[in-house]
Every structure is written in C-alpha cells, then in structure tokens.
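One structure below.
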Amino acid sequence: MTPRPAAIGLVIVNYNTSQQVIDCLRSVRNEALAHIVVVDNASPKDDPDAIAAAFPQVTLIKHPQNVGFGEGCNIGVRWILANSQADFVLFLNPDTVIEANLVDRLLAPFAEPAIGITTPRITTMNEPHSLWYGGGYMSWFKGSARVPGYGQAADAPAALLERDVQFATGCAFMMRRSVLEQCGGFDHRFFMYEEDVELSLRVLAAGYRIRYVPAAVVRHIAQGSQGKEVQSLDMFSGKNPKLAFFVYYAARNRFITVFTHGNTRQRALFLLGFAAWFARAGLGWIKYQRTDAFKALFKGLKDFATMP
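According to our numbering, the sequence shown is numbered sequentially starting from 1.
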C-alpha cells in the first residue's frame, strides 16, 4: 500500500488582528494544509467573523476570554488532535505571511525520527533583507533565547546554514503530533512571551531535536497585535507606551523558565544577568520617569514567587 501523504494542521491565534490573519491565510492558500484553526481570544476591537467570511473552510473558535497566546494555541491544537488525523501542526503568528513551499520545506527534515520541531528563517516584513530569526540558543545569563544575526542581513552565511538549534520561535514552527502528545503544548502560566523558550527546552529535554530550515521563509511584522505605536520600539525602552506590560511578563516568565529547567549554576548565572539587566534598564526608566515599569517588575517577581 502507498502511505498516505502527511496531513498538516495550522493554528493561528487572533487578537484584534483579523486583517493580518486574512493576509496570512491568503499567503498559505496554495500550501497543502488539511485543517486550519483560528482561535479568537475574545478580541474587543475586532470582528473575527471577517476571517470566516473570507475563508469559510477555516474553523473559527471564539473563546470567551483572552487566555493569552500560548493557551490560545493550545485550544487550536486540542481541536486538531481531537478532530483530525493531522501528523504535524504548523503554528503561525497572525502578523506573518509565508513564501511559497513553506510546508514542504519544513516537513522534509521530519524524515529523521529524532526531529521534533522544524522552524523557518524569518525576515522583517517591511525590510525583507533584515533577519528577525535565523536559529537561536538558550542564554542562561539572559534567562531567554538569543538569536545570532538579529537585525542583520537575512542572507548572511550563518542565516543560510541549516542546522540543529536550541530555540524555535513561537512566531512560526512545525511540530510533530506525537511530540505534542508526549510533551504537551505551551505552558498556560505564561500568557504571553517566553512560552516558546520553555517549550523548546521541554522538547529538547525529552530527547528530540529542533531543526532550523533557512530554505523555508516567513515574513513577520513583530508585535503586530500591540499596535503601530510600539512596533518600532525596543520592548524595554522608556519610550514604549506598553513598557509595563512587557516588563511584567518578561520578568515573571523568565523566572518561570529558569527555575523550571535550570540547574543550580544556571539559576545563579541568570540571577547575575537579571541584576545587570535591571541596573541598565532601570536607568532608562528613571530617565523617562517610568515608575509603572518598576511596579510591573516587582509585581511580576511577586507573582512568580507565589505561584503554586
């Protein structure tokens, strides 16, 4: 018997980004996707029905609450696992568009059973020659992932080198169904940010590999759901109007990641790095009188310390 072709499901989470989701879905319409699930996170300033109107074949799940990016993805994954025989699940941020043959190129490395995740090269939407993601690794000093070459040439030799990496960005990646079933999806505690770092570490700890595939290309706006006023700013800049939001989740979630997966030496290294980051960032917050950032930081640390 001829084996059936691999079936792929796609999950996208929407939060006030229906037009971006529609643009993303237009870019994937020639890809071999068995199921597409869009989870709307109770968007208060959006009409998610526009997505279903543009693409009637899409399964639109309207969740009554905003449960965050990671849990929104999990809702979509649970639907796919329960209602289909999909062998792989592709995750895309709403503010992305893909280049042709993304699915086939991400699928190819799964011929090796040890590959649990594949992830593409990602460029900046408005500057397609600028690299947003070209593979990454875990920095315990930072408590998060580092992406070598970020903001530099997207066609640099390192960016074009297919290889195993330690970190797959939640912006765009494909995951084997059996690995999802074994390792689970995103940790629901994270709500937003750093959940992809934690998932990557969990998949590696289970003995699987993460493969960076530069021939597969995605273009990404970055912070698309946060509005144009923050898209050109550093997350932790004193000028960022949503600084407190970013500080709270980055601090809390990095502590969760490190104290879940790190050993004693790695935790100590992170605490040293966190102190250095706080000293540097805090000067900028003082300059712009961002007391809200300090309050958000201490709330994040308190919430981490009191987590069950």
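The beta-carbon is built from N, C-alpha and C at its ideal position, and this holds for glycine as well.
Values in this document were obtained by computation on a predicted structure and should not be read as measured data.
Buried or exposed: residue 53, going by 16 or more other Cβ atoms within 10 Å of its Cβ?
exposed
Where do the ends of the beta strand (DSSP E) carrying residue 311 lie?
Absent from the structure is residue 311, since the part of the chain shown begins at 1 and ends at 308.
Close beta carbons around residue 246, own chain, < 6 angstroms, minus the five adjacent residues each side
235
Neighbourhood of residue 66 by C-beta, 6 angstroms cutoff - its chain only, sequence neighbours within 5 removed
41 and 42
Expected contact under 8 angstroms - CB spacing of residue 88 and residue 177 to nearest Å
6 angstroms
Please indicate yes or no: does the CB of residue 259 lie closer than 8 angstroms to some heavy atom of the ligand FMN?
What this structure holds is no ligand at all, so the ligand FMN is not there to describe.
Among 110, 216 and 36, nearest to residue 135 - alpha-carbon criterion:
216
Express the C-alpha separation of residue 5 and residue 35 in angstroms, rounding to a whole number.
14 angstroms
Quick one: give me the first and last residue of the beta strand (DSSP E) that residue 91 is part of.
88 to 92
Quick test of the definition: if touching needs 3 or more C-beta pairs under 8 angstroms, does the segment 14 to 26 touch the segment 47 to 62?
yes
Assumed close pair residue 193, residue 238 - CB separation to whole angstroms, cut-off 8 angstroms:
Contact flag wrong, Cβ pair sits at about 19 angstroms.
From residue 294 to residue 146, what does the alpha carbon distance come to, in whole angstroms?
24 angstroms
Burial state of residue 109 (16 or more Cβ within 10 Å):
buried
Where residue 275 and residue 296 are concerned, what is the direct C-alpha to C-alpha distance, given to the nearest angstrom?
16 angstroms
Express the C-alpha separation of residue 11 and residue 171 in angstroms, rounding to a whole number.
11 angstroms
When you compare only the Cα positions, how much space is there between residue 264 and residue 298?
23 angstroms
Assuming residue 131 and residue 114 make a contact with CB atoms under 8 angstroms, what is their CB distance in whole Å?
About 27 angstroms; that fails the 8 angstroms criterion.
Buried or exposed: residue 111, going by 16 or more other Cβ atoms within 10 Å of its Cβ?
exposed
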